[in-house]
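Visitor: Numbering of the sequence shown is given in the working numbering, commencing with residue 493 and proceeding in unit increments.
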Amino acid sequence: MKKSILIVDDHPVVLLAAKMLLEQYNYKVIGEAKNGIDALKVIKKLSPDIVIIDLTIPSLDGMEVIQRCQSLRLKTRFLVYTSQTSEYFISLCMQAGASGYVSKDKGVEELLTAIRSLEAGYNFFPEISTVSLSTEQEKEDESSLSILSSREMTVFKLLASGLSNKNIAEKMLLSDKTISTYKTRIFDKLNISNIAQLIDVAKRNAIL
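1. Count the other CB atoms within 10 Å of the CB of Leu498; is the residue buried (16 or more) or exposed (fewer)?
2. How about the region 651-666 and the region 687-700: do they share at least three Cβ pairs that are nearer than 8 Å?
3. Excluding the five sequence neighbours on either side, which residues of its own chain have a C-beta within less than 6 Å of the C-beta of Ala590, listed in chain order?
4. For Ala698, which residues of its own chain have a beta-carbon under 6 Å away from its beta-carbon, when the five flanking residues on both sides are left out?
5. Leaving out five residues on either side along the sequence, give the residues of the same chain with a beta carbon under 6 Å from the beta carbon of Ala588.
6. Is Val534 near Gly523, with beta carbons less than 8 Å apart?
7. From the DSSP output, read off the bridge partner residues of Thr574.
8. With DSSP as the reference, identify every bridge partner of Phe616, one or two as the case may be.
Laid out in structure tokens, this is it:
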């Protein structure tokens, strides 16, 4: 019997393409969600076997959704499907409790292979052996990024994408002051002093 699947992504094209692909292979898509809060509600209500989830979704990011579900001790398995290919993110997803990781740059065959691996009880992290850092500076950056909390990492990504403190606060349902505090912590931990340097770190780690 095919596993039940929930798709979580804020891009309509991705949602439609993934749903069509899965239904073509007789998988049961029991729902869709476009943000982290809705995803949590659906997961708690329907208990899907597998959740295909992007990391950069609104409200709560994919990483936080995975972590919250892990704390609830649900049997749901998570397959991260994202454009983020940094080894740091792959490792972070593994630590959070994800069972698989597929880059959106790969073909649909890779997504199907990952789903079948999870369906058979295995994990799927092919990128972990092929993604590597090429310079000492990148290694230092990765080491620094590893000390950021999940919430700090979310703020880091949003700052790197060009959002203001106010925009980030609205997106994460937090106050401007809280985002400002996170920003200060991030700068201190990464030993940087401005957004240009933050963006440079993000680019070196394939986060942008």
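Just so you know, even glycine gets a beta-carbon here, dropped at the ideal spot from N, CA and C.
Guide: Reading off the structure:
1. buried
2. yes
3. Ile558, Phe570, Val572
4. Thr577, Ser578
5. Met555, Ile558, Gln559
6. yes
7. Ser595
8. Gly592
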